[in-house]
Every structure is written in C-alpha cells, then in structure tokens.
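Numbering (our numbering), first residue to last: 4 to 261. Before any comments, here is the structure.
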Amino acid sequence: MYQTLLTTIENGICTITINRPDKLNALNKTVMQELDAVLDEVYNNKEIKAAIITGTGQKSFVAGADISEFIGLSVEEGKVLAKKGQDIFFKIENSAKPIIACVNGFALGGGCELAMSCHFRIASENAKFGQPEVNLGLLPGYGGTQRLTQLVGKGRAIEIMISGNMIDAATALQYGLVNHVVPQEQLLNKANTILQTIISKAPVAVAKCIAAANAVFDETKNGFAFEVDAFGQCFGTKDKEEGTNAFVEKRKPVFKGE
Ligand code: COA
C-alpha cells in the first residue's frame, strides 16, 4: 500500500516501519507524504489503539531529511518544507492515541525530530542521536530546536545543535531524551509490552493526559485550566464509571473508550 513504509496492525498496535534501507531511511518527500497518510489511518481506524514508529534494519532509525532534496531550494521553498515537516510532526504529537518511537540506530536531523515528536522514545543500545544540520549550513527545521530544548534543557540542546555531535543511547537516557535503552533484539517487544499496558487503560483519560502534557508547551493554552476542564469531562465518561465501580467491586475494569 505504501512505497516507503511497512505497516502492520497487531493486538491494537500499528507498527510503522520507515523502509528506505539503502538511504538509511532518510525522509524524502514520499516518506513524508506517506507518514501523513498513515497518521490519518492511526487517527481514524478504530482497530488501532496505539502506534510505534521505527526504521528498517539494525543501523538506522532515520538518518535525517533527504539531503539530496535540499539542493537548489529557495528561501521560500525552505520555509514551505519546514512548515510541512512541522505540521506532520504536530500530527504525531497531538495524536489522541499514543505514538512511541523505537529508535533502532541513527536518529539524526529529521530522524531525531521525528522521534522527539512521538510521545516518548525507547532506544536500542546502538542508537545515536544528533542534530547535525550545522554541517550543511542549516538548523533543525521540523521542530527540533523547540522539542530538543523542551526535552533535554537549553544548554544541552544548544551544545547538540551547534556542535553537530552525536550522543549515544546511554547519554540520551541520562539526558531524558529516551525513557528506556534495551538490546536491539528486545526493542519492539519492550515497546509492545509498554503499549499493551497503556491500551488497557481508559482511552479518553489517556488522550487527555497526552493533551495536558502538550499544553505545558503551548502558549495559547493555560495548562492548569486545561487540566481542570479535562478532569471534569472525564466524569461524563462511561469509562470513569467503569473504572471507579471496578475498583470498589475489586475487579479489573473493562474500558470501551466511551
Ligand atoms: N539524506 C540522503 N541520503 C542519506 C542520508 C540523508 N540524510 N543519510 C544517509 N544517506 C545515504 C548516503 O548518501 C548513502 O547513499 P549512497 O550509498 O547512495 O551513497 C547511504 O545513505 C548510506 O550512508 P553512508 O553515509 O554511506 O553510511 P555511513 O555508515 O558511512 O554513515 C551516517 C552514516 C549516518 C553518519 C551518514 O550517512 C550521515 O552523516 N548522514 C547524514 C546525516 C545528516 O546530516 N542528517 C541531517 C540531515 S538534515
């Protein structure tokens, strides 16, 4: 169905694998268009409860935007490219369904930005993160300047961006850029185990947790007011009835996302 993505849906989890191994899964126009389309599927397909984004092979998650497509672009075209990339990554960040990155190798430039737009990240031991755009006379343009600073703090983000140096998985863990580091062969299992736990919870409440955390970084929203509203709205859901009744009745809740 897709030229540059492999997708599977199993036990409610859609695994999206970026599949351009000969180019270390670099994000060309087709990958970006197809990511946009598969995100619509994640949003709209009721069978999908959560998603994983990863890359083909054991070497690279995504080695960046496809540099060959940068040649000859004008100032205006550069802006359009960045805006399109940002919009697609906002779609990941604002998904009501959890989307996590399984970083299986290089996550450079747009690859690091893609991983950072996911709700959290798990890395294999060989993963390497970096924003090497300064080597090309550029800066991160798909949200990286903002999300890296949010995730690791200003000093570390500036050092990573202006040195162009990569950090390894252990450093990424220490910086809080990733939540877990596991051997390569355990990466997808780890993500699936965590997501199975998450999708057994009340979906509306899960979606509101994600939206409330995003509100911290959205200057158009008051996060505390958002939380009051979201908390109140959960009292109108069947899942809140089910969750509280199940607790009192000492049984496991069965949530329907209603
Ligand atoms: N865009 C386009 N093609 C890319 C790419 C990118 N971001 N990253 C890797 N590739 C291609 C290479 O051009 C090469 O293609 P070729 O075999 O047709 O020449 C292929 O992927 C393999 O990469 P190669 O550089 O030979 O692998 P390596 O193991 O020697 O080095 C990296 C790996 C990741 C260090 C190196 O590929 C690299 O620095 N990539 C660019 C990273 C970057 O600057 N990303 C930010 C872009 S904004």
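Heads up, the beta-carbon is just placed ideally off N, CA and C, and yes, glycines get one too. All figures in this text were calculated on a predicted structure; none of them were measured in a lab.
**Message:** For ILE19, list the residues DSSP reports as bridge partners.
**Reply:** Note: ILE19 sits in a beta bridge opposite THR10, ILE56.
**Request:** With hydrogens ignored, establish whether the beta-carbon of ALA29 is closer than 6 Å to any heavy atom of the ligand COA.
**Result:** Checking the Cβ of ALA29 against the ligand COA gives yes.
**Endpoints, beta strand (DSSP E) assigned at CYS105** = CYS105 -> beta strand (DSSP E) spans 102 to 106.
**Where the beta strand (DSSP E) containing GLY133 begins and where it ends** = GLY133 -> beta strand (DSSP E) spans 131 to 133.
**Message:** Residues in the same chain with beta-carbon distance under 8 Å from LEU191, minus the five sequence neighbours each way, listed in chain order, please.
**Reply:** Sequence-distant partners of LEU191 (beyond 5 residues in either direction) whose C-beta falls short of 8 Å from its own C-beta, in its chain, are THR18, ILE55, THR57, CYS105.
**Unbroken alpha helix (DSSP H) run spanning SER120, endpoints** = It spans 113 to 120 - the alpha helix (DSSP H) in which SER120 sits, taken as one unbroken run.
**Message:** Considering Cα atoms alone, identify which of LYS62, ILE16, ASN48, VAL181 is closest to ASN22.
**Reply:** Among LYS62, ILE16, ASN48, VAL181, the Cα nearest to that of ASN22 belongs to LYS62.
**Prompt:** Beta carbon of GLU136: closer than 6 Å to some heavy atom of the ligand COA?
**Reply:** Yes, Cβ of GLU136 sits closer than 6 Å to a heavy atom of the ligand COA.
**Message:** Less than 6 Å between C-beta atoms, sequence neighbours within five positions excluded: which residues of the same chain meet that for LYS94?
**Reply:** The beta carbon of LYS94 sits closer than 6 Å to the beta carbons of LEU42 from its chain, once the five residues preceding and following it are set aside; these are given in chain order.
**Message:** With DSSP as the reference, identify every bridge partner of ARG124, one or two as the case may be.
**Reply:** Among the bridge pairs identified by DSSP, ARG124 is matched with ALA104.
**Asked** CB TYR2 to CB ARG159, shorter than 7 Å?
**Response** Since the first and last residues shown for the chain are 4 and 261, residue 2 lies out of range.
**Prompt:** Do the stretch 68 to 87 and the stretch 166 to 178 make contact, defined as three or more Cβ pairs closer than 8 Å?
**Reply:** In the pairwise beta carbon analysis, the stretch 68 to 87 is classified as not touching the stretch 166 to 178: fewer than three pairs are separated by under 8 Å.
**Message:** Can you list, in chain order, the residues of its chain with a C-beta nearer than 6 Å to that of SER127? Leave out the 5 residues immediately preceding and following it.
**Reply:** Here SER127 has ASN107, GLN187, LEU190 as same chain residues with Cβ atoms under 6 Å from its own Cβ, once five neighbours each way along the sequence are excluded.
**Prompt:** On the three-state DSSP scale, how would you describe SER77?
**Reply:** Looking at SER77 - three-state DSSP - the assignment turns out to be coil, as it is neither helix nor strand.
**Message:** Is LEU198 close to the ligand COA? I mean its beta-carbon at under 6 Å from any heavy atom of the ligand.
**Reply:** No; taking the cut-off as 6 Å, the Cβ of LEU198 has no heavy atom of the ligand COA nearer than that.
**Item:** Those runs of the beta strand (DSSP E) which lie wholly inside the stretch 121 to 196 and span at least 3 residues
**Value:** As far as the stretch 121 to 196 is concerned, its whole beta strand (DSSP E) runs of at least 3 residues are 123 to 127, 131 to 133, 183 to 185.
**Asked** Among the residues of its own chain, which have a CB less than 8 Å from the CB of ILE51, if the five just before and after it don't count?
**Response** Here the set comprises ILE12, GLY15, ILE16, CYS17, GLU44, VAL45, LYS100.
**Asked** Can you tell me the Cα-Cα spacing of GLY239 and GLU245, whole angstroms?
**Response** Distance from the CA atom of GLY239 to the CA atom of GLU245, rounded to whole angstroms, is 12 Å.
**Asked** PHE258 to ASN47, Cα distance in whole Å?
**Response** When rounded, the distance between both Cα atoms is 19 Å.
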